[in-house]
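A.B. asks:
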Amino acid sequence: MRAMVLEEIGKPLVMVERPISDPLAGQISLRVEACAVCRTDLHVVDGDLPQPRLPLVPGHEIVGVVEAVGAGVDQARIGRRVGVPWLGHTCGTCFYCRSEAENLCDAPLFTGYTRDGGFATNVVADADYAFDLDPAGDPVALAPLLCAGLIGWRSLKRAGEGRRIGLYGFGAAAHIIAQICTWQEREVYAFTRPGDVTAQRFARELSAVWAGTSDEAPPELLDAAIIFAPVGPLVPRALQAVRKGGRVVCGGIHMSDIPAMPYALIWGERELLSIANLTRQDAREFFEIAARAGVHTRTSVYPLDEANAALDDLRNGRLSGAAVLVP
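For the sequence shown, the residue numbers in numbering that gives the first Met the number 0 are 0 to 326.
Here's what the structure looks like:
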């Protein structure tokens with residue numbers, strides 16, 4: 000198999016040849032069809048997230064076909080198309096796992112961070128954390144749903160039932176969740192980095208009722224805001240944009256420091272929440288909702304050996320939608 004490997008933090012990935020690993024008990028082996036590139040991959044490669052397992056194959060928005068199964072896994076899964084997300088394993092015994100909060104597990108494994116991921120031609124995953132996908136679907140279009148979609152969905156659930164939803168950072172996650180919001184008959188207000196007219200135009204194409212820069216105030220107070228951009232100063236701006244009793248949800252795994260802010264921004268029973276990982280229940284809900292809503296993803300395709308270019312384009316804001324690697 001071929002894989003793009005992170006050997007040293009802050010250095011480009013390196014293409015290597017490896018033997019294909021046999022699946023252990025409870026595992027499946029996949030031939031990768033597509034793997035989307037997530038901002039979390041940037042946080043891993045750039046060293047924002049501590050102690051990744053090195054050397055490491057990044058990538059956690061994996062679509063592939065099952066080629067082999069380990070002991071205890073139904074042989075009928077061979078030949079099926081499945082998706083493998085960020086949450087790759089949980090202990091099942093800690094307080095959080097026993098409280099239906101496996102996303103907060105004390106001893107998890109994360110795909111493309113503490114175990115090898117999908118920037119490769121083949122990958123091994125836990126069978127219980129791989130989800131059956133539409134066999135007739137386009138693997139490139141499906142790949143961004145495995146994290147951008149799932150984390151976006153969990154963020155939207157935490158945002159509540161409000162009608163006016165602000166999305167800060169209109170990238171892979173926001174362009175998926177904007178479609179869900181429109182299907183739910185909510186209003187989307189899109190906030191982009193200053194000068195990014197392309198992202199603003201993209202948001203309007205997806206039925207956003209307003210699109211502007213992150214330093215602008217929306218024309219109406221929001222019921223809730225979701226921050227996908229890893230930019231701490233957006234937190235006080237979003238709090239200022241929501242009504243009393245509104246919520247601001249931080250949807251990323253990493254964010255720069257939140258600046259000091261006056262208590263008045265959170266007074267009025269405004270809530271500030273964070274999202275951590277996902278649960279398998281989130282996935283079961285989301286894939287059904289995405290199909291009913293007719294979600295489509297905008298993607299830019301890169302061959303596997305151009306993973307560094309895809310990461311660099313994401314890092315520098317040159318993408319509209321999601322980058323997807325295809326072996």
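For every residue, glycine included, the Cβ atom is placed at its ideal position computed from N, Cα and C. These numbers come from a predicted model, not from an experiment.
Out of curiosity, what's the CA-to-CA distance linking K243 and R269?
C.D. replies: The residue labelled residue 243 in the question sits at position 244 within the sequence shown. The residue labelled residue 269 in the question sits at position 270 within the sequence shown. Cα to Cα, the separation comes out at about 6 Å.
A.B. asks: Which residue wins for smallest C-alpha separation from V325, given the options V65, P49, L141?
C.D. replies: The residue you call residue 325 lines up with position 326 of the sequence shown. The shortest C-alpha separation from V325 is found at L141.
A.B. asks: Helix, strand or coil: how does DSSP classify F118 here?
C.D. replies: The residue you call residue 118 lines up with position 119 of the sequence shown. Reduced to three states, the DSSP call for F118 is coil.
A.B. asks: Run through the DSSP bridge pairs and tell me what R246 is partnered with.
C.D. replies: Numbered from its first residue, the sequence shown carries residue 246 at position 247. Its beta-bridge partners are A223, E270.
A.B. asks: With V4 and P54 assumed to form a contact (beta carbons below 8 Å), what rounded beta-carbon distance in angstroms separates them?
C.D. replies: As a first step, residue 4 is located in the sequence shown; it is residue number 5 there, counting from the start. As a first step, residue 54 is located in the sequence shown; it is residue number 55 there, counting from the start. The pair is a contact, with the Cβ atoms about 5 Å apart (cut-off 8 Å).
A.B. asks: Determine, using beta carbons only, whether N307 comes closer than 8 Å to chain B.
C.D. replies: Looking at the structure shown, chain B is missing, and only one protein chain is on hand.
A.B. asks: Could you give the distance in angstroms between the alpha-carbon of R163 and the alpha-carbon of A75?
C.D. replies: Here residue 163 refers to the residue found at position 164 when the sequence shown is read from its first residue. Here residue 75 refers to the residue found at position 76 when the sequence shown is read from its first residue. Whole-angstrom Cα-Cα distance: 45 Å.
A.B. asks: When you compare the stretch 275 to 283 with the stretch 91 to 111, are there three or more beta-carbon pairs, one atom per stretch, that lie closer than 8 Å?
C.D. replies: Yes, the stretch 275 to 283 is in contact with the stretch 91 to 111.
A.B. asks: Using CA atoms only, rank isn't needed, just tell me which of L86, P138, D133, C93 is closest to D115.
C.D. replies: Position 116 of the sequence shown, counted from the start, is the residue given in the question as residue 115. The option with the nearest alpha carbon to D115 is L86.
A.B. asks: Report yes if the C-beta distance between G245 and A210 is below 8 Å; otherwise report no.
C.D. replies: Sequence index remark: in the sequence shown, residue 245 carries index 246 (1-based). Sequence index remark: in the sequence shown, residue 210 carries index 211 (1-based). Taking 8 Å as the Cβ cut-off, G245 and A210 do not qualify as a contacting pair.
A.B. asks: So what's I61 in DSSP terms, helix, strand or just coil?
C.D. replies: Here the question's residue 61 lines up with position 62 in the sequence shown. Strand.
A.B. asks: Report all residues from its chain with a CB closer than 6 Å to the CB of T181; omit the five preceding and five following residues, and keep chain order.
C.D. replies: Working through the sequence shown from its first residue, we reach residue 181 at position 182. Around T181: S206.
A.B. asks: Among the candidates F286, A289, L238, whose CA atom is the shortest distance from the CA of L264?
C.D. replies: Counting from one through the sequence shown, the residue named residue 264 turns up at place 265. Of F286, A289, L238, the residue nearest in Cα terms is L238.
A.B. asks: From the DSSP secondary-structure annotation, give me the bridge partner or partners of W209.
C.D. replies: What you label residue 209 is simply residue 210 of the sequence shown in a count that begins at 1. DSSP output for W209 lists Y188 as bridge partner(s).
A.B. asks: If distances are taken between C-alpha atoms only, which option among V83, L313, V139 comes closest to H295?
C.D. replies: For the purposes of this step, residue 295 is taken as the residue at position 296 of the sequence shown. For the residues V83, L313, V139, the minimum Cα distance to H295 belongs to V139.
A.B. asks: Consult DSSP for H295 and reduce its assignment to one of helix, strand or coil.
C.D. replies: Position 296 of the sequence shown, counting from 1, holds the residue named residue 295. Three-state result, H295: coil.
A.B. asks: Hey, I77 and A70: beta-carbon distance below 8 Å or not?
C.D. replies: Residue 77 sits at position 78 when you count from the first residue of the sequence shown. Residue 70 sits at position 71 when you count from the first residue of the sequence shown. Cβ atoms of I77 and A70: not closer than 8 Å.
A.B. asks: Can you name the start and end residues of the beta strand (DSSP E) that R30 belongs to?
C.D. replies: Against the sequence shown, residue 30 aligns to sequence position 31. Note, R30: beta strand (DSSP E), 26 to 36.
A.B. asks: C34 and I61 - do their beta-carbons sit closer together than 8 Å?
C.D. replies: To locate residue 61, count along the sequence shown from 1; it is residue 62. To locate residue 34, count along the sequence shown from 1; it is residue 35. Cβ atoms of I61 and C34: closer than 8 Å.
A.B. asks: Please list the terminal residues of the continuous alpha helix (DSSP H) segment that includes A308.
C.D. replies: Locating residue 308 in the sequence shown gives position 309, where the first residue counts as 1. First-last of the alpha helix (DSSP H) with A308: 306 to 314.
A.B. asks: Tell me which residue opens and which closes the beta strand (DSSP E) that L166 is part of.
C.D. replies: For the purposes of this step, residue 166 is taken as residue 167 along the sequence shown, with counting starting at 1. Segment 163 to 167, the beta strand (DSSP E) holding L166.
A.B. asks: Roughly how many whole angstroms lie between the Cα atoms of D311 and E219?
C.D. replies: Along the sequence shown, one-based indexing puts residue 311 at 312. Along the sequence shown, one-based indexing puts residue 219 at 220. Taking the straight line from one Cα to the other gives about 35 Å.
A.B. asks: Could you check where the alpha helix (DSSP H) with H174 kicks off and where it finishes?
C.D. replies: Residue 174 sits at position 175 when you count from the first residue of the sequence shown. 171 to 182 is the extent of the alpha helix (DSSP H) around H174.
A.B. asks: By a C-beta neighbour count over all protein chains shown, 10 Å radius and 16 as the cutoff for buried, is S255 buried or exposed?
C.D. replies: As a first step, residue 255 is located in the sequence shown; it is residue number 256 there, counting from the start. S255 is exposed by the Cβ-count criterion.
A.B. asks: Since P57 contacts T298 with CB under 8 Å, what's their CB separation in whole angstroms?
C.D. replies: Walking along the sequence shown from the start, residue 57 turns up at place 58. Walking along the sequence shown from the start, residue 298 turns up at place 299. So it is not a contact: roughly 18 Å between Cβ atoms.
A.B. asks: Using a Cβ distance threshold of 8 Å, determine whether the stretch 221 to 235 contacts the stretch 146 to 161, with at least three qualifying pairs required.
C.D. replies: Touching, yes.
A.B. asks: My guess is that F213 and R192 are in contact by the Cβ rule of under 8 Å, so how many angstroms apart are they, rounded?
C.D. replies: Taking the sequence shown and counting its residues from 1, the one referred to as residue 213 is at position 214. Taking the sequence shown and counting its residues from 1, the one referred to as residue 192 is at position 193. What sits at residue 213 in the sequence shown is Ser, not Phe. With 8 Å as the limit, S213 and R192 qualify as a contact, their Cβ atoms being about 6 Å apart.
A.B. asks: Thinking just about the alpha-carbon of each residue, which of A126, P51, A147, H88 is nearest to the one in L29?
C.D. replies: Stepping through the sequence shown from its first residue, residue 29 is reached at position 30. Among A126, P51, A147, H88, the Cα nearest to that of L29 is on A126.
A.B. asks: Do V241 and V234 have their CB atoms nearer than 8 Å?
C.D. replies: Position 242 of the sequence shown, counted from the first residue, corresponds to residue 241. Position 235 of the sequence shown, counted from the first residue, corresponds to residue 234. Not in contact: V241 and V234 (Cβ atoms no closer than 8 Å).
A.B. asks: Counting along the chain, where does the beta strand (DSSP E) carrying V323 start and finish?
C.D. replies: What you label residue 323 is simply residue 324 of the sequence shown in a count that begins at 1. Taken as a continuous stretch (DSSP letters only), the beta strand (DSSP E) holding V323 covers 321 to 325.
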